[in-house]
Amino acid sequence: MTVSYQLDVSSGNPLLFLRLLGRWRGSIWKSVVGDLFVWLLFYYAIYFAYRYAFSKQLQTVFEEISIHTDDRMKYLPLTFMLGFFVTTVFERWRSALNVMPFIESVALSVAVLLPGKGREDRLTRRAIIRYVVLHQILVFRDISMRVRRRFPTLKYVVDAGFMRQEELDVLESVNQESSQTYWVPINWANSLALVAHQQKLIDQPTAFNNVIFAIKEFRVAMETLIKFDAIPIPIAYPQVVFLAVRVYFAICLVSRQFLISDMKSKTQMDWPVPIMTVLEFIFVIGWMKVAEVLLNPLGEDDDDFEVNSIIDNNISRGMAIVDTTHGYHPDLVDDVFSD
Amino acid sequence: MTVSYQLDVSSGNPLLFLRLLGRWRGSIWKSVVGDLFVWLLFYYAIYFAYRYAFSKQLQTVFEEISIHTDDRMKYLPLTFMLGFFVTTVFERWRSALNVMPFIESVALSVAVLLPGKGREDRLTRRAIIRYVVLHQILVFRDISMRVRRRFPTLKYVVDAGFMRQEELDVLESVNQESSQTYWVPINWANSLALVAHQQKLIDQPTAFNNVIFAIKEFRVAMETLIKFDAIPIPIAYPQVVFLAVRVYFAICLVSRQFLISDMKSKTQMDWPVPIMTVLEFIFVIGWMKVAEVLLNPLGEDDDDFEVNSIIDNNISRGMAIVDTTHGYHPDLVDDVFSD
Amino acid sequence: MTVSYQLDVSSGNPLLFLRLLGRWRGSIWKSVVGDLFVWLLFYYAIYFAYRYAFSKQLQTVFEEISIHTDDRMKYLPLTFMLGFFVTTVFERWRSALNVMPFIESVALSVAVLLPGKGREDRLTRRAIIRYVVLHQILVFRDISMRVRRRFPTLKYVVDAGFMRQEELDVLESVNQESSQTYWVPINWANSLALVAHQQKLIDQPTAFNNVIFAIKEFRVAMETLIKFDAIPIPIAYPQVVFLAVRVYFAICLVSRQFLISDMKSKTQMDWPVPIMTVLEFIFVIGWMKVAEVLLNPLGEDDDDFEVNSIIDNNISRGMAIVDTTHGYHPDLVDDVFSD
Amino acid sequence: MTVSYQLDVSSGNPLLFLRLLGRWRGSIWKSVVGDLFVWLLFYYAIYFAYRYAFSKQLQTVFEEISIHTDDRMKYLPLTFMLGFFVTTVFERWRSALNVMPFIESVALSVAVLLPGKGREDRLTRRAIIRYVVLHQILVFRDISMRVRRRFPTLKYVVDAGFMRQEELDVLESVNQESSQTYWVPINWANSLALVAHQQKLIDQPTAFNNVIFAIKEFRVAMETLIKFDAIPIPIAYPQVVFLAVRVYFAICLVSRQFLISDMKSKTQMDWPVPIMTVLEFIFVIGWMKVAEVLLNPLGEDDDDFEVNSIIDNNISRGMAIVDTTHGYHPDLVDDVFSD
Amino acid sequence: MTVSYQLDVSSGNPLLFLRLLGRWRGSIWKSVVGDLFVWLLFYYAIYFAYRYAFSKQLQTVFEEISIHTDDRMKYLPLTFMLGFFVTTVFERWRSALNVMPFIESVALSVAVLLPGKGREDRLTRRAIIRYVVLHQILVFRDISMRVRRRFPTLKYVVDAGFMRQEELDVLESVNQESSQTYWVPINWANSLALVAHQQKLIDQPTAFNNVIFAIKEFRVAMETLIKFDAIPIPIAYPQVVFLAVRVYFAICLVSRQFLISDMKSKTQMDWPVPIMTVLEFIFVIGWMKVAEVLLNPLGEDDDDFEVNSIIDNNISRGMAIVDTTHGYHPDLVDDVFSD
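Encoded structure:
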């Protein structure tokens, strides 16, 4: 589920920080704690090996390596790479999610431009809404793991009522020619609108035009999400960044050990916990996790977008707009702002 | 209230700086001063403990820790993280607020396209404006703390005149089916426009079309604000940044103490106030506060957007446009630019 | 006046640099030279006090402070903060100024869609142009210091011919209800277009539609500028950045003094002018000045936008398009590209 | 082929990293491994020359050079340059690829607006789709190496069925006048639509209008890709960045050698492998490779866009939409959401 | 001429680098080599003065200054400033050039919406294209040095056939009122379209509407380029950045000299060439040159946009579309994708 915290940050007062920190779901704690545990396991394995298992000579070699690498940690342009990468990924995530289409535009247009009260009018309106949402489901099944899990086969879509068996049969007959047939229900919705126009249920050309346009807008928004999925960030980019981060902390396992022979150094001390490195680990890995989550916003992370509830909202709101609440408006009376 | 200072920066002259600094509301002083006070409390608690309460041995340990951590402060990529984060948050804030819809587009369109002078024309125009603003209120109640506080229940909206009791009843009957019913007043406005079109109050299809389109533009702008609220920045991102900043300054409590044994060092001195660290605190925390404020622009900070006055302006301007000043234009006479 | 230098940079050859440097108006020299003078005053006051007025003991204390602060200058994340801030401000400046509306779109639409040669056609066209420019003036009076200075009261607008006295009376009668009445002239222009349409001066619905749309486009562009003014960057952001820069250089007054006791240090020397710090001052303060200027592009800096000439151009070009040069086209003859 | 890994990153769990790393195609390993091999060859050539072939005196000179350059590596602002460059290139890449047009918009518009079942209707629809895809092929032949390779001459396009021989003859007769004749098939498609409109196959002006508009949208998207190709990033930018990276690592060949005389230094050691420099090489070169790949997204890298399959999908989906599945819609019956 | 290298980077293989480097026109070598030569002249002048002309005492002073400044080079935030500046300039360059209008949209619209075969139809279409291109030339004469050089006076435009003498006379009579009369040919084109509409050469209101809209789109794109020219980046910004870079390297003339007395230092050596500083010079100056070139993309650098060829292509393609190839479409026959 998308983790919502907007109300918590309604005012930037000092407690905001504590309230934000207290959140577990989708939080830095959750994403970092496992990695940190593994890292500490390795750290203490090396810690005890170096102090109690190594011979004097091996200790000296270890210390040489440790000092050598510690001195050269700066060769790895970690934070710089990460900063640019997170910003890039974030921008892509934002511009993709911003197009996520809601049903209101289509439904309100259909409702006002195909206003008849007859059964055929009503059924046409409902069918157009259903086909548009069906289109959304077909697309999401291919780009969102959660929707795929909800509808592992098209049969599940039929069972949930978004498609009838006959429609599935037609869809699958098309299926044999090209794999992406997301557009089929849109074609149906357009055809329905055309028939309604020819029967004067949709009265004017401009009205017909606008219904077609509202459906198109929805489809184009979905097409943008398809492109988002089809044209990922070149794989080498996340690879190089994620690898740099992991390798950096792998080296830290050696370079950040407290060295016995180094204890006379003024800035050195013999602590059981490498506290500053642990903090660095938390912040840098946490930062990296943000990028990992953002790489696929339609995935299954806590913070990923709740696509299934979008679908449910779209069908339920869409039907309410074109049917239940359709064609009603309160009586015209004077309002209190009248004078 | 949004803090306006544009006129102060009308010219970039030397006094600009002083004038900007002198502002208290929404300013850096206000947001930082509390935090700084708490930080100094802790600082002096440790200061006195270290100097007067600690044994010689404890002092030595403390100094070791202090030197050790001070030497490793650079492990925490503070400014880098903060710089990218503030820029990211700012960009999101700007693109969200830029869509904030004003009533003028709807009202001017309705005024010119439904130009009749009759009572029904007038009432239709007024009702459309009212429903559009009502839509705005319904959305803002869910995403702005201030509007929620102004209208804790829908009854308050009725009392303020934006909705009549009968309308509320209809709205709540819809309410039972799906939680977000922001669109209901838009449906009413559309239906009114349709009736007006059928009765030839709105004469031409293109005119009807444009009224529907103006209403839609307003609703789509509000939908963008809804998305802004529904798809926040993944919580881990602010968490990791804010935590990094706080932890950094928590460590400073120890690492930036002036050490007794260190007084012979050339760059060290024994001051009662850690002036450079205090300055760092002010600038970095102040920078972070900017991000905190920007995270939710519809919140209750001094700098957050005055949503309630938007609503009031929209209803008052909208009514003036479609009613009071409606259908008037000055006589056509020669102007002074004539030759 | 906006400082134009595009032709100077027509080619990136070596002299470009000198030509750019030679500019005084709106230049770095002008904005920095005053600040630098003040800074140097303080610098030499401290310089002479430290060398000739201080006791030996005071000198020692001063030197301790100087060394201590110099060593900790890096605590202040100056360039980083400034880099991100300037980029952010620049981006906002650019996207705001890019919407600045010119009259051509409105005027060319009105000219071709209301093509009649009669007196009423002509007057209608002229009045629409005048009302649109009047709208622009009303908005600019509230957001641009220069336009405000040109038209301190609405009477001045009347005197300049943009509004007639009767129109001012109507405008002010509206004024009593809500403070922002920028839209009133737009309402007039729309009403004129409607009357023209009803009298078949504007023939077709699509043509009427387009005239209304052209006027709307202009108004929406102005609305974007209003939002730019109404939703400034949260004040804390420029405050924290500008304060950081000033404090930094205030500390430099002490930390960058050449210390007498330090003269044996290899990298130290005894110069009358702190040349490197002066250069740093010029570049960093110059960079900051860019941000100050960009914060309010409608202000009165050399580099700010020449809003008054926009207004003058708009009225003069608009009138020329809809009247003087209206309805003419050269005869149709073969062109030289014919075969 | 575009390398797709979105499903792998469906959830940001710890294994994500390993799964990403395991990918070879388009990955960092593949792009870096060759360069690294060459670099190591040079490194060991110098390594052995310095240790075993050089005279004592030459060794001393070499060591002087090595220390001197190592101390000045920081003069080269490598990561900074690279970070900004990659971000810039990425942004351009993203905004270019986002316009990549799919056939659905054109095909769905043509299908619903030219709905006749007659042979001429069908042929017109098919021809419009074919001409639009032909336009895409003509453009891609000039800007994508892969499409050029598939269609080395226009004869290949004819053979593949996208163009008939007669059409090629017409196209080539135009060819003599100006080199870019991408627009010719669009002109044909427009003319077909006009004829269909004149014969009332496309019934209403608004419908005709929309068909023309859909074709135009497609062409404008292709025009954006043409501009992307015609206005590359100024060559000096990638030159300076790529050169800086290569020169940096060329210098590393000398400056990062383990020096014999330096072995007493605490941070120095005598390893056969310059492990930290190799890691730096992998990350920085890998980062640079991302930029190289992104510079021309229509090229032939693993990660570049699969333009040929776009063409195939467009023709096959387009034909399916306007012909096979055309004009059908399922019967109107009650849906399960009815009550 | 724009330097095209897209085909060279078709694949990011190892030779890409060499191919890119080999380019001379518009390349880093060309832009840096002159500056480097001048810098080296000064460097060696100082080099020989210091070593052979200076007295012992002067040498000591020189060395003090050299060491002092070298130690403080870090005060100048060079790369940071440059990185942000280049990114900012690049973004502006890209968004400006992306709107560069091609004639296709206008020409294809005119061709299909004014489809008559008569002489008047043909002449009208040709004249509209010519006036639109003439508008482009008038604008470019004021913002592009190259077009200005091609058409120093309007007489040259007449001679090239883009304007007839009578048209120039009319244009110049308008000229007396306001300096920017770019819009005059657009007014002509609009008037022609109106006459054609009134004579039913353009049949339907929507068609007339679209012709006017296509012309408007073109003009608005040109208006964006005018704004790009009229609202440059505030001059202080490039001044401060370019000055910082030059001053930095001026100081390097002193601070990067190899000092005689410093030869015992481990990291120092006595080379005739300051190789690392030369490399820094090449990369930083090269980076800066990118910004200089991007500042005015319509200038005369190798990398600037070939505006003259745009004009030639626009007139030749436009005429071909509306005349030579006009109104033709291949016969409708079955295609190979038929079954």
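Going down the list, the sequences are from chains A, B, C, D and E. Position in the first sequence (from 1) plus 1484 gives the number in this note's numbering. Position in the second sequence (from 1) plus 1484 gives the number in this note's numbering. Position in the third sequence (from 1) plus 1484 gives the number in this note's numbering. Position in the fourth sequence (from 1) plus 1484 gives the number in this note's numbering. Position in the fifth sequence (from 1) plus 1484 gives the number in this note's numbering. Glycine included, every Cβ here is placed at the ideal spot set by N, Cα and C. Owing to the predicted nature of the structure, the values given are computational and were not obtained by experimental measurement.
Option in the options with minimal Cα separation from residue i
i          : options                                           : result
Asp1818(B) : Arg1610(C), Leu1525(C) and Lys1540(C)             : Arg1610(C)
Phe1532(D) : Ala1691(D), Pro1756(D), Val1774(D) and Asn1674(D) : Pro1756(D)
Leu1560(B) : Pro1585(B), Phe1789(B) and Leu1727(B)             : Leu1727(B)
Leu1743(A) : Glu1707(A), Ser1628(A) and Phe1546(A)             : Phe1546(A)
Leu1685(A) : Asp1713(A), Gly1602(A) and Asn1671(A)             : Gly1602(A)
Phe1821(E) : Leu1607(D), Ile1699(D) and Asp1713(D)             : Leu1607(D)
Lys1700(B) : Phe1635(B), Tyr1666(B) and Gln1723(B)             : Tyr1666(B)
Asn1671(C) : Asp1519(B), Leu1524(B), Arg1634(B) and Thr1809(B) : Thr1809(B)
Val1724(B) : Met1772(B), Ala1580(B), Ile1795(B) and Met1557(B) : Met1772(B)
Leu1763(B) : Ile1735(C), Ile1530(C) and Asn1792(C)             : Ile1735(C)
Val1658(D) : Ile1805(E), Leu1816(E) and Asp1815(E)             : Ile1805(E)
Val1729(E) : Lys1558(E), Ala1537(E), Glu1548(E) and Ile1530(E) : Lys1558(E)
Val1616(D) : Ala1673(D), Val1642(D) and Asn1582(D)             : Ala1673(D)
Val1573(D) : Ile1717(A), Ala1691(A) and Ile1549(A)             : Ile1717(A)
Environment of residue i [buried if 16+ CB atoms lie within 10 Å]
i          : result
Thr1544(D) : exposed
Thr1486(B) : Residue confidence for Thr1486(B) is low, a pLDDT of 48 falling below 50, so the modelled location carries little weight and cannot support an answer.
Leu1542(A) : exposed
Phe1535(B) : Note that residue 1535(B) is Arg in the sequence shown here, rather than Phe. Exposed, because fewer than 16 other Cβ atoms sit within 10 Å of the Cβ of Arg1535(B).
Thr1637(D) : exposed
Gly1518(C) : exposed
Ser1539(C) : exposed
Leu1462(B) : The requested residue 1462(B) does not occur in the structure, where chain B is confined to residues 1485 to 1823.
Tyr1812(E) : exposed
Straight-line gap, residue i to residue j (C-alpha atoms, nearest Å)
i          : j          : result
His1552(A) : Ala1720(E) : 46 Å
Leu1652(C) : Met1647(B) : 35 Å
Glu1575(E) : Arg1703(C) : 27 Å
Ile1766(E) : Val1774(B) : 39 Å
Tyr1528(E) : Val1777(E) : 29 Å
Pro1758(C) : Val1522(C) : 15 Å
Asn1797(A) : Glu1707(B) : 14 Å
Phe1697(A) : Asn1694(D) : 9 Å
Arg1633(D) : Phe1789(D) : 15 Å
Ser1739(B) : Asp1554(B) : 5 Å
Val1668(B) : Leu1655(B) : 7 Å
Leu1678(C) : Ser1579(E) : 37 Å
Which of the residues in the segment 1557–1570 of chain C, read from start to end, lie with their CB under 7 Å from any CB of chain B? Hits within the stretch, in order: Tyr1559, Leu1560, Pro1561, Phe1564, Met1565 and Phe1568.
Just by C-beta distance, which residues in the segment 1542–1557 of chain A are closer than 9 Å to chain D? Within the segment 1542–1557 of chain A, those residues whose Cβ lies closer than 9 Å to any Cβ of chain D are, in chain order, Val1545, Glu1548, Ile1549, Ile1551, His1552, Thr1553, Asp1554, Asp1555, Arg1556 and Met1557.
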